[in-house]
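Position one of the sequence shown corresponds to residue 166 (this note's numbering), numbered consecutively onward.
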Amino acid sequence: MKSILFNKYGPPNVLKFGDVAKPVPKADEVLLRIHASSINSWDPGLLRGEFPNRLIFGLTKPKIKTLGADVAGRVEAVGSSVSQFSPGQEVWGDLSHRGWGRFAEYVCAPENSLALKPTNMAFEQAAAVPQAGLLALQGLRVVGRIQAGHKVLINGAGGGVGIFAVQIAKAIGAEVTGVDSSNKLQAVLSAGADRVIDFAVENFTRCKNHYDLILDVVTNRSMFDYLRALKPQGAYVTVGGELKRLLQIFMLGPWIKLASRKQMRVLAHKPNQGLDELKDLIESGKVVSVIDGRYGLDDIQRAFRHFAQGTHRGKIVISVA
166 MKSILFNKYG PPNVLKFGDV AKPVPKADEV LLRIHASSIN SWDPGLLRGE FPNRLIFGLT
226 KPKIKTLGAD VAGRVEAVGS SVSQFSPGQE VWGDLSHRGW GRFAEYVCAP ENSLALKPTN
286 MAFEQAAAVP QAGLLALQGL RVVGRIQAGH KVLINGAGGG VGIFAVQIAK AIGAEVTGVD
346 SSNKLQAVLS AGADRVIDFA VENFTRCKNH YDLILDVVTN RSMFDYLRAL KPQGAYVTVG
406 GELKRLLQIF MLGPWIKLAS RKQMRVLAHK PNQGLDELKD LIESGKVVSV IDGRYGLDDI
466 QRAFRHFAQG THRGKIVISV A
C-alpha cells in the first residue's frame with residue numbers, strides 16, 4: 166500500500182512517498198481503508214523532533230513509521246472479536262494514542278478508537294474534525310465549563326482548533342470574541358464570532374473588556390497578561406503553545422487560584438472523548454469543517470510547508486483515496 170515514510174526528524178523534505186506492507190487486523194482491530202486525514206499542530210512538532218517528542222517517540226530517530234492522527238474512512242475488514250463495526254461502514258477518529266500513522270492507504274485500529282462518522286459529512290470534511298474539534302470541545306465545556314451568556318475569547322480563532330471553538334461556543338450560547346491575524350478575521354466572523362480582534366493592532370489583554378473564559382490555542386503571552394483580561398472567578402484554558410508558557414501555568418496556576426480565584430488550566434487532551442456530542446452538533450448543522458487546502462499523499466511536503474506558514478484558515482486535509 167502507499168504510505169508516507171517517516172524515518173528521520175527534520176523539515177518536510179524528509180517525508181517520502183512509498184510502499185509498505187498492507188496491515189492485517191488483530192482479533193480486536195478494524196482494518197480501515199483511509200479516505201482522508203488532516204494535519205494537526207502535533208504533526209510538525211513530531212516531524213521536527215521537538216522536545217519532549219523525542220523522549221516519547223525516539224531520541225535520535227522516530228519509532229513510528231508515518232505521521233497523522235485524524236482518520237476518516239471505510240471499514241474493510243474486522244478482527245474475530247470486533248462487535249461494533251462491520252465491513253462497509255464509514256467511521257472516523259483520532260488515533261494519536263494508538264501509534265499515529267494515518268498518512269497511508271490503510272490502518273489497523275482497535276474498535277474503541279473509532280466511531281461512525283457524521284452522516285452529513287464527506288470523508289475530507291470528517292477527517293478535519295476529530296483532534297481539533299475535540300480540543301475545542303474539551304477546552305470549552307469540560308475544562309472551561311462555559312454556559313450560555315458567558316463572554317468567551319478565543320486566541321488563535323482562525324486555525325483548526327479555533328474555528329471549531331468559535332462554532333461550539335456559539336452553539337452553547339456564549340458571546341464570542343476571536344483573536345487572530347488580519348487575513349483570518351473574515352473566516353472567524355463567518356464561523357459565528359460576535360467580534361474579532363487583529364492581534365497586530367490591538368492587545369486584548371490591555372482592553373477594557375473582561376471574559377468569563379479565555380481559550381488559548383497559541384499561548385504566546387505571559388500568564389499574568391491573560392489574568393488581566395479575566396473576570397473575577399474567570400478561567401483561562403490553553404490547548405497548546407510554547408513549552409515555557411505551559412510550564413509556567415503548570416507551576417503557578419494553583420497558586421494563582423488561591424490568591425485570585427481565577428483558574429489557569431492546561432488541557433490534557435483525551436482522544437475521542439466527546440466525539441458523539443461533536444457528531445450531534447455537526448449533524449444538527451451547528452458545526453461545520455472549514456478547510457483551507459487539500460493535498461494528496463504524494464504532495465505531503467507541500468502540505469506541511471503550507472501549514473508551517475501559519476496563514477491557513479481552519480484545517481489542511483490530506484486526501485488519501
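Ideal Cβ positions, reconstructed from N, Cα and C, are used throughout, including at glycine.
In or out: residue 297 buried (at least 16 other Cβ within 10 Å) or exposed? Per the 10 Å Cβ criterion, buried.
Tell me which residue opens and which closes the beta strand (DSSP E) that residue 206 is part of. Run containing residue 206: none; DSSP gives neither H nor E here.
Work out the CA separation of residue 400 and residue 308 for me, nearest whole Å. 9 Å
Just to check my reading of the structure: residue 269 and residue 167 have Cβ atoms closer than 8 Å, yes? What is that Cβ distance to the nearest angstrom? 7 Å
Just the Cα atoms here: how many angstroms apart are residue 175 and residue 181? Roughly 12 Å between the two C-alpha positions.
Measuring only the C-alpha atoms, how far is residue 235 from residue 192? 23 Å
If you draw a straight line from the alpha carbon of residue 474 to that of residue 248, how long is it in whole angstroms? 43 Å
At which residues does the beta strand (DSSP E) containing residue 390 begin and terminate? It is not in any beta strand (DSSP E) - residue 390 instead sits in the alpha helix (DSSP H) that spans 388-393.
Residue 288: first and last residue of the uninterrupted alpha helix (DSSP H) it sits in: 288-292
Which same chain residues end up closer than 7 Å to residue 206 when comparing Cβ atoms and leaving out the 5 residues on each side of it in sequence? 405
Which first and last residues belong to the beta strand (DSSP E) in which residue 166 is found? It is not in any beta strand (DSSP E) - residue 166 carries neither H nor E in the DSSP assignment.
Nearest-angstrom Cα distance between residue 429 and residue 413? 10 Å
Alpha-carbon to alpha-carbon, residue 437 and residue 344: Each residue's Cα considered, the two are about 27 Å apart.
Sequence-distant residues of the same chain with beta carbon closer than 6 Å to residue 403, five excluded per side: 381, 384, 431
Minimum C-alpha distance to residue 323 - residue among 314, 342, 337, 310: 342
Confirm, please, whether the CB-CB distance from residue 448 to residue 295 is below 8 Å. no
Using a Cβ distance threshold of 8 Å, determine whether the region 230-244 contacts the region 287-294, with at least three qualifying pairs required. yes
Which residue from 327, 407, 336, 485 puts its Cα closest to that of residue 379? Minimum Cα distance to residue 379 is reached at 327.
Residue 464 vs residue 477 beta-carbon contact at 8 Å: no
Return the chain-ordered list of same chain residues with a C-beta closer than 8 Å to the C-beta of residue 195, the five sequence neighbours on each side being excluded. 240, 242, 243, 244, 247, 250, 256, 273, 274, 275, 276, 279
Can you list, in chain order, the stretches of the beta strand (DSSP E) that have 3 or more residues and sit fully within the region 346-432? 360-363, 376-381, 395-403, 428-431
Tell me residue 182's beta-bridge partners as DSSP assigns them. 169
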